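Working notes for the structure below.
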Amino acid sequence: MSEVTQFEPKIIAYVCNWCTYLGADLAGTTRLEYPANVRIVRLPCTGRIDFNLLIKAFEVGADAVLVSGCHPGDCHYTTGNYHARRRWMLFRDLLDTLGFDLRRIHFTWISAAEGRKWQEQITRITEETRKLGPYRELYQKNGFRLPAPSPPPPKPPEPAKPTMAAQEQQLRETCTRLLTDGTVQVVIGYGAGVPVFIRRAEDVGKLVWNAGCQANLTTYLKRREVKRLGKAAVVVKGCDERGLVILEKESQMDRAALRVLGMACDGMGQPKCDDCNVRQPRFADEIIGKAAAPPPEAPHAAALDDLMLKSPAERMSFWAQEFERCVKCYACRQVCPLCYCERCIVDKNLPVAIDTSATSNGNFAWHITRAFHLAGRCVGCGECTRACPAGIPLKLLNLTLAHAAEKHFGYQAGMDPKAEPLIGSYALTDKEDFIR
Amino acid sequence: MSEVLSKAGLRVLVKEWVAQGKTIAGPVQTKAGLVLYGRLDSADDVVLEGFVRPVNSAKEFVFPRREVLCRYQAKGSKVELTNGEVDVAPQILLAVRPCDAAALPILDHVFNWDFRDEAYNRRRAATTVVSLACTAHDESCFCTSVGLGPQAERGSDAMLLDLGDEYELRCLTDKGRALFAGRTQTSERTATPSLGPEPRFSPERIKRFVDEQFASPYWQEATLACLGCGACAYTCPTCHCFDIVDEGNTSHGERARNWDSCQFSQFTLHASGHNPRPDQGSRQRQRVLHKFSIYPEKFGEILCTGCGNCTRNCPEGQGMLTLLAGIDHV
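For the record, the sequence lines run as chains A and B. At position 434 of the first sequence (counting the first as 1) the number is 462 in my numbering, and the numbers step up by one without a gap. At position 70 of the second sequence (counting the first as 1) the number is 68 in my numbering, and the numbers step up by one without a gap.
In structure tokens form, the structure reads like this:
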């Protein structure tokens, strides 16, 4: 008996039913030989291939994954592959930040007539993967840690600035008017330490405006308990307001039925404000105050830059250590104004898409999904990071996607109310330099 | 007369425990501004000063966030079942806060009530608790409102009290005495009693309110800010609800027990689609009811040690304390 010495990689290919599957079929009927390392999973369309499937493939031991579909212009459903192209472009950047080995992730266009291309691509991918060896780095810690940032001095809430006191006064007066003349039934605003829901003009004194007003209150617009209270006014900062643009675009709220009270803000002096570039509300019905300092030109993301200087294995080690602390309390999800699904994918169990256990599989799958469901949508309010009791810098994942959206598509979520949602639209000119 | 142990002596002792292969958990500076209870790789990792309390709770070490109950493996036409973690190494919970230590005897009730929970008891029996009395508190602490305090000895096998350059050591059980035998000196110095936070509410009044005012609009009113995450329950030393999941495929897999929280909307969702606790008000009411009425009626004590983590870790600053203190003003 001969010893088995050659590593045989496992490759999962998610292929579309109409082109690549038939291409593979053609390769078979024309007796073209190619390595038997590939397991084909046939799906209706590349536009229908959920990114969770890719993660799942690696979880169960794939050494490489291929996604393949119709050439541009050939989609059976007209545009499915254009949507896929855009989505995978963003998704690759997210996986890169997380430290996935992108050499193991392949994308091809193979038509029903291209049996030979299927043969060539599978041969190439198998050989390349064989050289890379088994994918052992997945979710592994290799001892690498990002050097601890110099400890931020604990910041007690700064005393309210004089301008803030004037804004607070004006806010209270505005709310008195809105509640008295019946424009709104409830004002969602900041109270002392906890958000308040003011329904009577005599309670407006409970509204505050100070350096502790960090929360993004637009998240309450999704809460059934709050919707029941009637027509609402919501207090927003410039950063929070961007989320309203997205919510309106996604038909999640009736903008005409909402009164937006925009507070000019010079930053709350907290880490979450470091990357903020909108300090003056733009679309609010009432704008209170004027931001003194212009926002920083380019969003500051030193932590992300530092991380990207590391090797993929080191990045994965970093995230493995961060996610290890995750207890799956879902504070990141609940606090996000744009996580509004009635039933989150992680709560679905027929079938289980994401393990609910706080294991490396469950944690990576969850945080990848959370971040990617916000691709082209996250407005960078940083609430996920602020809410996390385990101190996981979730914002870095969102920031990755925000950078990718800007780099590839010149898109900034929630800045231009006229812009089409990034995911859900496509352009014939979208780049495809990662597709073969 | 008291027993004392120098601070350097404690470090030496911890080094010895590590060398003996004992598992030790205690407060660790996980990253800047974040102290969590975690496993100590070396005696230098433990942080003993400069923070009020870790962000998580020490329950993790007797009731982990995920416990494998059994594993299955298909062998031909048969299925082979094996137990989860059978051997649990002796572990020392070092420098846990009195509010974490006090939670353990409270949890013992529910894991030994109608069913003796093997997984829990195995870890509990292997655990020695060395608490460190508090010298500081913050605005979220409320141990004194639930009958405990900064030097409460409940649940500890031994307690350390800071005397500046050394600790007063109170060995409270045989386990505690065994751990420190021959390592302490006698001294005249004893720690001064510390008062802790001012009481914020009366548990009796809370119980009366939840029993009599089930339908009060207060529950809806006071919980509007709650977003329904599990940050409070998952950092609570006494919350103990769990969910059982099967993870694996047709050939092999695991059955595991994971933390769950009554604050999730799915917690009580029926297969029919009906949800008996349809809103956050009823979920928060359940939490208070369980802690201040149901548990005391069944086991004779409050399911809360006043650590304040629910309030400290609430993203919106809501937490139990706001809710409970508010009851006094209804």
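Ideal Cβ positions, reconstructed from N, Cα and C, are used throughout, including at glycine. Computed from a predicted structure; not experimentally measured.
Any Cβ of chain A within less than 8 Å of the Cβ of residue i?
i, result
"residue 196 (chain B)", "no"
"residue 321 (chain B)", "no"
"residue 277 (chain B)", "yes"
"residue 23 (chain B)", "no"
"residue 2 (chain B)", "no"
"residue 243 (chain B)", "yes"
"residue 70 (chain B)", "no"
"residue 32 (chain B)", "yes"
"residue 9 (chain B)", "no"
"residue 256 (chain B)", "yes"
"residue 340 (chain B)", "Residue 340 (chain B) falls outside the range modelled here, since chain B spans only -1 to 328, and no answer is possible."
"residue 229 (chain B)", "yes"
"residue 114 (chain B)", "no"
"residue 105 (chain B)", "no"
"residue 84 (chain B)", "no"
"residue 29 (chain B)", "yes"
Can you tell me which of the three DSSP states residue i falls into?
i, result
"residue 289 (chain B)", "helix"
"residue 244 (chain B)", "strand"
"residue 172 (chain B)", "helix"
"residue 100 (chain B)", "coil"
"residue 50 (chain B)", "coil"
"residue 238 (chain B)", "coil"
"residue 38 (chain A)", "coil"
"residue 353 (chain B)", "In the structure as shown, chain B starts at -1 and stops at 328, and residue 353 (chain B) therefore has no counterpart that could be examined."
"residue 358 (chain A)", "coil"
"residue 262 (chain B)", "coil"
"residue 308 (chain A)", "coil"
"residue 179 (chain A)", "Reliability fails at residue 179 (chain A), whose pLDDT of 49 lies under 50, so the model's placement of it is uncertain and no value is given."
"residue 295 (chain B)", "helix"
Which residues in chain A sit within 7 Å of residue i, going by Cβ to Cβ distance?
i, result
"residue 217 (chain B)", "Those do not exist, as residue 217 (chain B) stays about 11 Å from chain A at its closest Cβ, beyond 7 Å."
"residue 311 (chain B)", "417"
What are the start and end residues of the alpha helix (DSSP H) that includes residue i?
i, result
"residue 324 (chain B)", "317 to 325"
"residue 345 (chain A)", "340 to 351"
"residue 268 (chain A)", "266 to 277"
"residue 160 (chain B)", "Element bounds for residue 160 (chain B): not the alpha helix (DSSP H) but the beta strand (DSSP E), 156 to 160."
"residue 68 (chain B)", "Not the alpha helix (DSSP H): residue 68 (chain B) falls in the beta strand (DSSP E), residues 64 to 73."
"residue 388 (chain A)", "388 to 400"
"residue 79 (chain A)", "79 to 87"
"residue 126 (chain A)", "108 to 126"
"residue 437 (chain A)", "423 to 437"
So residue i contacts chain A; which residues on that side make the cut at Cβ distance below 8 Å?
i, result
"residue 284 (chain B)", "Those within 8 Å of residue 284 (chain B) in chain A number zero; the least Cβ separation is about 15 Å."
Verify the CB distance criterion: does residue i have a CB-CB separation below 8 Å to chain B?
i, result
"residue 406 (chain A)", "no"
"residue 385 (chain A)", "yes"
"residue 374 (chain A)", "no"
"residue 230 (chain A)", "no"
"residue 355 (chain A)", "yes"
"residue 179 (chain A)", "Any answer about residue 179 (chain A) is weak, because its pLDDT of 49 lies below 50 and its placement is not dependable; what the coordinates show is given next. Yes, its Cβ sits closer than 8 Å to a Cβ of chain B."
"residue 40 (chain A)", "no"
"residue 243 (chain A)", "yes"
"residue 363 (chain A)", "yes"
"residue 398 (chain A)", "no"
"residue 247 (chain A)", "yes"
"residue 343 (chain A)", "no"
"residue 414 (chain A)", "yes"
Please report the residue range of the beta strand (DSSP E) in which residue i lies.
i, result
"residue 125 (chain B)", "125 to 130"
"residue 207 (chain A)", "Not the beta strand (DSSP E): residue 207 (chain A) falls in the alpha helix (DSSP H), residues 190 to 208."
"residue 286 (chain A)", "286 to 291"
"residue 92 (chain B)", "89 to 94"
"residue 255 (chain B)", "250 to 257"
"residue 2 (chain B)", "0 to 4"
Residues of chain B with a CB under 9 Å from the CB of residue i: which are they?
i, result
"residue 85 (chain A)", "Neighbours of residue 85 (chain A) on chain B: none; closest Cβ ~13 Å, over 9 Å."
"residue 253 (chain A)", "218, 221, 222, 224, 277, 278, 279"
What does residue i reach in chain E if we use C-beta pairs closer than 7 Å?
i, result
"residue 49 (chain A)", "Chain labels in this structure do not include chain E; the protein chains are A and B."
Going by the DSSP bridge assignment, what does residue i pair with across the sheet?
i, result
"residue 76 (chain B)", "B:73"
"residue 25 (chain B)", "B:35"
"residue 137 (chain A)", "A:97"
"residue 92 (chain A)", "A:39"
Which bits of chain B does residue i rub up against, with CB to CB less than 7 Å?
i, result
"residue 221 (chain A)", "315"
For residue i, return the contacting residues in chain A, with the cut-off set at a CB-CB distance below 9 Å.
i, result
"residue 233 (chain B)", "355, 357, 417"
"residue 53 (chain B)", "417, 418, 419"
Residues of chain B with a CB under 8 Å from the CB of residue i: which are they?
i, result
"residue 225 (chain A)", "222, 223"
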